[in-house]
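**Q** In mature numbering (1 follows the signal peptide of the UniProt record, and there is no 0), the protein residues as written are -25 to -1, 1 to 302.
Think of the CB as a built atom: it goes at the ideal place given N, C-alpha and C, for glycine as much as any other residue.
1. Tell me whether the beta-carbon of residue 223 lies closer than 9 Å to the beta-carbon of residue 260.
2. Taking Cβ positions, are residue 235 and residue 255 nearer each other than 9 Å?
3. Using only alpha-carbon positions, find the residue among 130, 6, 179 and 188 that is nearest to residue 142.
4. Just grab the DSSP bridge partners of residue 175 for me.
5. Determine, using beta carbons only, whether residue 140 and residue 192 come nearer to each other than 9 Å.
6. Taking the Cβ atom as the reference point for each residue, do residue 156 and residue 174 lie within a distance shorter than 9 Å?
7. Are the CB atoms of residue 229 and residue 245 within a distance shorter than 9 Å?
8. Please go through the same chain and pick out, in chain order, the residues whose beta-carbon is closer than 6 Å to the beta-carbon of residue 249, but skip the five residues on each side of it.
9. CB residue 10 to CB residue 31, shorter than 9 Å?
10. Under a Cβ-count criterion, where at least 16 other Cβ atoms within 10 Å of its own Cβ denotes burial, should residue 3 be classed as buried or exposed?
11. So, residue 182 versus residue 169, is the Cβ gap smaller than 9 Å?
12. Could you name each continuous alpha helix (DSSP H) segment of 4 residues or more that falls completely within the segment 121 to 207, going from the start of the chain to the end?
13. Ordered along the chain, which non-local residues of its own chain (more than five positions away) have a Cβ less than 6 Å from that of residue 113?
14. What is the residue span of the alpha helix (DSSP H) that residue 263 lies within?
15. Should residue 274 and residue 290 be called a contact, given that it needs their Cβ atoms to be closer than 9 Å?
16. Spatial neighbours of residue 90 within its chain, please: CB distance less than 7 Å, with the 5 preceding and 5 following residues excluded, ordered by chain position.
17. Look at the alpha carbon of residue 237 and the alpha carbon of residue 265, and state the distance between them as a whole number of angstroms.
18. Taking the straight line between their C-alpha atoms, what separation do you get for residue 195 and residue 136?
19. I'd like the span of the beta strand (DSSP E) that includes residue 56, first residue to last.
20. Going along the chain, which residues of its own chain have a beta-carbon closer than 6 Å to the beta-carbon of residue 283, five neighbours each way excluded?
21. For the beta strand (DSSP E) that contains residue 246, what are its first and last residues?
22. Does DSSP put residue 232 in a helix, a strand or coil?
23. Quick check on residue -15: buried or exposed, where buried means 16 or more other Cβ atoms within 10 Å of its Cβ?
24. Using the DSSP secondary-structure output, state which residues sit across from residue 227 in a beta bridge.
25. When you compare the CB positions of residue 144 and residue 180, do they come within less than 9 Å of one another, or not?
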């Protein structure tokens, strides 16, 4: 998927999540960057319709709950919207090329140009008299961004340039310097890893990006090595990290009829005065917290403390982001 199309799809999702009403194709074309065309020109308008139909099909294939309907019985043209509370997706195992695409999309989401385009689209909606819900996209914002080492490592892998970085493991207090010929960066079980040839150990190694301390430094010139062809990077990470055991148990309170995706994960449920109390198995407190925050006020983390603390930290980050954006 090209960067231009990725940006257009992300902006389309933001647009449809930002209002509760159905938006017609004409309103979407006038709002979402990438759909600009002359509606009076038959060929230009036909090209827009083809592009829009492809994008709708792409979103539905990705699991985005795109609905079709009308705002009232007097509307003759159908409109589109996204069911906000059904937008939570289950865990998805990605192939190496798919993981790379997700990484690029995550970086694009943070890109200043994309942010400006999204803001412009929402301003156009308001100017057209469409009521915009300021809280509608809160739960789908990138609360936790990709790790700082993501950009330098993906660039080094692309340029075939060796790097060095300080790496900390849980068993050792002080980080150690590692020298790596990076073959690629992949996502596994919600974490980002770099796979490559460790020069000091003369062997293939995997490193979790969140454990890299400080800056990633380039070594030597581009084109210094050739990665193995058709290497399955995901299999290296899977063998290195081993299976993920969901040994933790979290308790959350869910409002009646809400958070269907979270309910599917539950291994226990009982009614309570404020809603249903679910027991959720988990292996990573931060990952579960990110899912809980995505449901907004419909879900409350009751315990254990590591999950509650992670939820509170993510909420603080959301507040900080909005305060900075509003300044």
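**A** Walking through what the data contain:
1. yes
2. no
3. 188
4. According to DSSP, residue pairing for residue 175 in a beta bridge does not occur.
5. Closer than 9 Å, so yes.
6. Taking the C-beta atoms as reference points, residue 174 is found nearer than 9 Å to residue 156.
7. no
8. 228
9. no
10. In the assembly as shown, residue 3 is a buried residue. Its beta-carbon has 16 or more other beta-carbons within 10 Å.
11. yes
12. 125 to 134
13. Because residue 113 sits at a pLDDT of 42, beneath the cut-off of 50, its placement in the model cannot be relied upon, and the following sentence gives the value as read from the coordinates. So the list is empty, once near-sequence residues are dropped.
14. 260 to 269
15. no
16. Caution applies to residue 90, whose pLDDT of 49 falls short of 50 and renders its modelled position unreliable; the value that the coordinates give is listed next. Excluding sequence neighbours, residue 90 sits near nothing in its chain.
17. When rounded, the distance between both Cα atoms is 12 Å.
18. Between residue 195 and residue 136, the C-alpha separation is close to 7 Å.
19. 54 to 57
20. 276
21. 243 to 247
22. coil
23. buried
24. 253 and 276
25. No, these two residues do not count as a Cβ contact at 9 Å.
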